[in-house]
Amino acid sequence: MSPLDKPPHEATLAQVRASAPGASAWVAANAGSGKTSVLTRRVARLLLDGCRPEKILCLTYTRAAAAEMQARLFKLLGEWSLQSDATLATTLTDLGLPGDPDRQALRRARKLFAEALETPGGLKIQTIHAFCASLLRRFPLESGAPPGFSELDDAARARMLDEIRDRLAAEAEATPDAPFDAAANRLSEQGLESLTAAILGARDLFPENPEPLLRAAFDLSPASDFRRAAEREMSGIDADDLGRLVETMSKGKSTDAKFADELRPAWQALEAADALTAARAVETALHTKSGEPRKLSRLPTKGVAEAHPWTAELIEQLSGQAQELRALRVAHAGFDKAMDLHRYARAVLDLYAKEKAREGVIDFDDLIRAAGALLTTSETAAWALWKLDGGLDHILIDEAQDTSPAQWALVRAIAEEFLAGQGAQDRPRTVFAVGDEKQSIYSFQGAAPREFGRMRAHFRQFLAAAAEAGEGIPLQESSLDYSFRSAPSLLALVDAAFADAAAALTADAETPSHIAFHEQAPGRVDLWPLLETPERAEPPAWHLPVDALPAQAPVLRLADAVAAHVQDQIGAPIPDRDAPGGWRPMRAGDVIVLLRRRGALAGALVDRLKQRGVPVAGADRLRLTASLAVRDLLSLLRVALDPDDDLSTAEVLRSPLGMVSAEELETLALTRDRSSLSRFLRETFPDHPAARLLTDVLNAADYERPHELLQRALVGHGARARIRARLNPEEEDAVDELLARALAYEATETPTLPGFLAFMEASEDLTLKREMDGAGDAVRVMTVHAAKGLEAPFVILADAGPSKSPPGSDVLTHPSDPPVALWSSPKADEAPPMTEAKAARAEREADESLRLLYVALTRARSRLLICGTLGAKADPEGSWHHRVAGAMLDCDATETPAPACLAAEPFETVLTLADRWTPPAEVAAPAAATDDAEGFAPAAAPADLGAAGPFRPAPPAGARPASLPRARRRVAASALDREGEAAAPAPHAPSPHAPSPHDRETARRRGDAIHRLLEALPPLPPEARGTRAEALLAAAHPELPPELRAGCVEEALAALAHPDVAPWLAPSALAEATLSADLPGDLRLIGRVDRLAVERGRLRLLDWKTGPAPETAPEPYLRQMAAYRHALQALHPGAEIEAALFWTASLRLETLAPEALDAALARLSADPKADRLAEAADPPNPAAEPA
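Right, dumping it as structure tokens:
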């Protein structure tokens, strides 16, 4: 029977067998197979069998995983305590309890919830670091840990390393040949910082006496040095022969003469008995700049070779000696460089250890090292293990594939101690490990996937020997092949993608095999072609930052396409087994966008999703000092420290803390006297909320701690509410982290304001990790690493194209015994041990890249989209995209029309693999937004915390301005266009495709379709527009009748071909150009111009109009174009502004007279309806940003 013929319940039976508590077990589990469920079941069954909760130790990889496991266990036990006898009996039978549960078993099950709650110290479900910390605190004297130690966080470690580098640099000034000089002379300041961090991450590679290991690595004898080796090699070269060769070659052709000039320094040095210089010159003459041996096919040239045959033989001899010399030089240079690295490393590590001991802290690596030493090598190891032996009966390890060798050594020491002699115990003692080698992606944190298989073999052998001695049961090995997550078509793709890469996934190179638990689940995979760099890309506009990407950059085009696709798909049917009919409308929270690493694409995706109004949870990592809210709060503290700091004051006023508009700030700055901005505001407008905030904070700065000052602003003055209303949801997380950093600083340092600001400046690179599993109904944009353990109905893998790996660490690992660190060199100076170490690292990185792809593909339940970009010189072969494309073809994927979001790209189809993907024409309306989703809509701040409005001065009228310009109200250009729609003008040459005037909905859809075409088609060659337009409308507007779609295509193509619109279709013209500017009457325009042509001294704007063409432009259109023109005049004073309408139905260009636009703008300013338009475009929100 094939795996697909197995009944679905086999998956549950496999879980029951894996969770049976009677023997030690090792479980290899596929993605989505329910690893956490199996672990929870096993703990529950251990408790049912009478094991005390405190005798069970569960080790997980992350705190989030530990919290989830504990929550699941408490939920399960809590349900048992409330179930009826019949229900509970069924539950226990399904769990795998043998026989029918009797009343005693039911009573026991109901008591477990209370027992678990009342366990002293709580259940031992914790990360391995937390377990090690508790172990060291239990045995402080035996472990040598500082009494009452605390863990050193990343920010504190970074500050400590900065101080260590500064101290070593200061010592180097007074000490010749100091370790710091040995490293600093070879690196920049930034390189030295990276090297120091790499040393800490590889501290086991730096023994006390590295010289013997390094000499063995470079194959150098104990007394060898390059000078003596060079003299020995050069002794075989006769100076007279070399001189004769130089003279002979110098008389040949230019190639011969050039070689003679290169070889001449070697002859001269040999004549002067300087063997070292001669050796270097011979090597240089006979090697390329990249270090490769020089080709001798043209040395000597034919004429010299025929006249002097001995020259070829001598050059051949010199080439061999040059290669020997190079091998000796790079070996000695590599050895010297590695010794410099070890000297610097030992100085750093010794000072680091002293500083940690002085401050009573240990870092996370110390936790593992110290705990491992306590249980394996210390004099009290046997006693510590004996003490632990009395407190543990069962060890369970989650995500075992991510466990490092040092962590495995610790687990092995504990497990072997309590497994030894277990025959004398009343109850069996067990070890349980569950993991998936295919998901081992944390090598940068020490994980070694091969250890999973090695430790399985170790415990298999250990327990088999114990069983033969009558002391226990052999290790039970099983696998969980069923996936409860993904649809069959997605799993078929995964199997096909890695059929030829099994060796990269698992130690035994077993071909992956996945079985879908939900055999009939619909699934769909789409593969977009890679977006390429255009041949001629226009540079970014002059006013943009120098590092800004051009608008045609593949990264930005891809972000636009993905955001548009997500927007289109929200509300579309998505499979859901719990929904009526098996389908429901897709929500934003159903989408995860995965990236290989954070970069320009991550930021662009978040920005484009926000621009389209799609709820997005923000970044999964946030650099604390890059947060706008944190920077605003730090500016407030700088003002509290120095009230005359005008820049910081201005930053506070323009932020959500001050809610002052740009116009108001400008008025403040221009009308103040010589006093500072802060003083002028507080004295002149004391009742303004911003003035009250500054006054309060300044009065409290002398006696309150930084944390209290921050809370005073956030709570006392409502700044937190305004931050939440004005900024992104991740800003609240950043504010909370800032408050936590303030408390941490106050716990270890004297809590002064200058000290805290310096503390935060030193923490510039501190990164905040945001948990995205509770992101609410919002799109999540995150790395594949961060997404491990998560799932979603729709997963988009957005950077599957060729990816250049970031430069690796300069610290290389040589596989000696024990391993030792080498210092990387450029390829031209690379010795064989370095080349081998780099090759081994590249192979490990390639294998991990494939495992990362496996994790990405297995996050999806129903839909998967793979896309990416292709650089100008990149090779797609070997990329994730190339691998997935091959797998899709193996799975019989077909070509389907490209979605509408790809209309501007030069391809018409995408590759699609779909199985049972037959969504209904209509699905039930989306459920009302939950409370979770509220976190991603701009929240209105309380009325008294909103925009401050006009300043009200304290001095008499006339001494200061009575009030500054009030905040302008926003009005959308579309609102100007809509006003007066009822008064439809008489048609002028109506289009034959135009709908009846009574069919307004059809007219709206027709207008949308034509506008979409007029936006997407201009970048394409005219001959390609027709086919692309039909495909675009078929994908974007399938609801339109075919004849109406054909009419839309015909009308749009005719408009684009009309000679009158040519100036607006030039390559420099802008499409959908966004405008925001002030209008008369305290209004601010926000709109988009269909086409904007930018010429020297002149701007020409054009708006497409798809309705019936009147004799003259109606008033709403005049007002709209007048507002656009006024906005452009404000942005480009002195430029000539032309405005025109193009009526697509009659193919008529209507140029609008400047005097008509001026009159329309005047009528708009005086129109009382303007207030209503502003309210319609921008509903009242006291937290909205003033103009």
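Each residue of the sequence shown is one higher than the one before, starting from 1 at the first, in full-length UniProt numbering. Idealized CB from N, CA, C, for every residue including glycine.
Going by other Cβ atoms of all chains shown within 10 Å of its Cβ, with 16 needed for buried, is residue i buried or exposed?
i     : result
S1068 : exposed
F756  : buried
E651  : buried
Q569  : buried
R228  : exposed
P1059 : exposed
R1004 : exposed
S483  : buried
K302  : exposed
F459  : buried
P53   : buried
E468  : exposed
From which residue to which residue does the alpha helix (DSSP H) around residue i run?
i            : result
residue 1191 : Here the chain comprises residues numbered 1 to 1187, so residue 1191 is not present and cannot be evaluated.
S250         : A239 to S250
F418         : P405 to L419
G1026        : P1022 to A1036
L863         : With the sequence shown as reference, residue 863 is identified as Arg, and Leu is not the correct amino acid for it. Unbroken run through R863 is the beta strand (DSSP E), A860 to I866; no alpha helix (DSSP H).
K838         : P832 to L857
E313         : W310 to E359
A307         : K302 to A307
Considering just the uninterrupted stretch of the beta strand (DSSP E) at residue i, what are its terminal residues?
i            : result
residue 1203 : Residue 1203 is absent from the structure shown; the chain starts at 1 and stops at 1187.
D49          : Looking at the DSSP string, D49 is not in any beta strand (DSSP E), and its letter there is neither H nor E.
P1120        : Correcting the residue type first, residue 1120 is Gln in the shown sequence and not Pro. No beta strand (DSSP E) holds Q1120; the alpha helix (DSSP H) holding it covers E1115 to L1131.
D915         : T909 to D915
C58          : I56 to T60
H814         : V811 to H814
Q126         : K124 to T127
R1100        : R1098 to K1105
E791         : Careful: E791 lies outside any beta strand (DSSP E) and carries neither H nor E.
Please work out which residues of its chain come closer than 6 Å, Cβ to Cβ, to residue i, disregarding the five sequence neighbours upstream and downstream, and give them in chain order.
i            : result
A230         : A275, L276 and A279
R1052        : First, the amino acid is wrong: residue 1052 is Ala here, not Arg. The residues are I1010, L1013 and L1014.
T60          : A66, T127 and D398
L531         : P554, R557, L558 and T869
A928         : In this predicted model, A928 has a pLDDT of only 40, less than 50, meaning its place in the structure is not dependable; the value taken from the coordinates is given anyway. Contacts found: none.
residue 1224 : The question about residue 1224 has no answer, for the chain in this structure spans 1 to 1187.
W1064        : R1091, A1093 and L1102
S143         : L136, A370 and L374
Enumerate in chain order the residues of its own chain whose CB-to-CB distance from residue i is below 8 Å, with the five nearest sequence positions on each side excluded.
i    : result
I368 : I128, H129, C132, S404, A406, Q407 and L410
L351 : I164, R167 and L168
L270 : M234, I237, A239, L242 and A278
L852 : I441, R596, V784 and H785
P990 : Note that P990 scores a pLDDT of 40, beneath 50, so its modelled location is shaky; the value from the coordinates is reported in the next line. Excluding sequence neighbours, P990 sits near P1108, A1109, A1145 and S1146.
G32  : S483, F484, R485, S486, E791 and T858
Residues in the same chain with beta-carbon distance under 7 Å from residue i, minus the five sequence neighbours each way, listed in chain order, please.
i    : result
A266 : L242, A278, A281, V282 and A285
R597 : T783
For the region 68 to 117, which segments carrying the alpha helix (DSSP H) assignment without a break, of at least 4 residues, lie completely within its bounds, in sequence order? Listed in chain order, the alpha helix (DSSP H) runs fully inside the region 68 to 117 are 85 to 95, counting runs of at least 4 residues.
Segment contact flag, the region 515 to 534 with the region 484 to 500, C-beta cutoff 8 Å, min 3 pairs: Three or more beta-carbon pairs separated by less than 8 Å link the region 515 to 534 to the region 484 to 500, which places the two stretches in contact.
Say whether the region 668 to 684 touches the region 635 to 650, bearing in mind that this needs 3 or more beta-carbon pairs closer than 8 Å, one atom from each stretch. In this structure the region 668 to 684 lies against the region 635 to 650, because at least three pairs of beta carbons, one per stretch, are closer than 8 Å.
Run through the region 561 to 589 for me and flag every whole beta strand (DSSP E) of 3 or more residues, listed as ranges in chain order. Restricting attention to beta strand (DSSP E) runs no shorter than 3 residues, the region 561 to 589 encloses them at 573 to 575 and 583 to 585, ordered along the chain.
To test your reading of the DSSP string, which unbroken beta strand (DSSP E) runs of 3 or more residues are found completely within the region 426 to 485? As far as the region 426 to 485 is concerned, its whole beta strand (DSSP E) runs of at least 3 residues are 430 to 435 and 476 to 480.
Uninterrupted alpha helix (DSSP H) stretches inside the region 685 to 753 (no shorter than 4 residues): Counting whole runs of 4 or more residues, the region 685 to 753 contains the alpha helix (DSSP H) stretches 689 to 700, 706 to 711, 719 to 726 and 730 to 748.
Per the contact definition of three or more C-beta pairs closer than 8 Å, is the region 1085 to 1104 in contact with the region 1138 to 1149? Yes, the region 1138 to 1149 touches the region 1085 to 1104.
Can you check the region 167 to 194 for any alpha helix (DSSP H) of at least 4 residues that lies completely inside it and give the ranges in chain order? Runs found: 179 to 184.
May I have a chain-ordered list of the beta strand (DSSP E) segments no shorter than 3 residues that lie completely inside the region 605 to 689? You should have 616 to 619 and 621 to 623.
So, do the region 899 to 909 and the region 494 to 512 have three or more beta carbon pairs nearer to each other than 8 Å? Judged by Cβ distances under 8 Å, the region 899 to 909 makes no contact with the region 494 to 512, as fewer than three pairs qualify.
Quick one: any contact between the region 850 to 869 and the region 521 to 530, if contact means 3 or more CB pairs under 8 Å? Note that the region 850 to 869 touches the region 521 to 530; at least 3 beta-carbon pairs, one per stretch, sit closer than 8 Å.
Is there contact between the region 427 to 441 and the region 27 to 46, where contact requires at least three CB pairs shorter than 8 Å? Here the region 427 to 441 lies against the region 27 to 46, with 3 or more beta-carbon pairs under 8 Å apart.
Are three or more beta carbon pairs between the region 304 to 318 and the region 794 to 809 nearer than 8 Å? Result no; under three Cβ-Cβ pairs closer than 8 Å.
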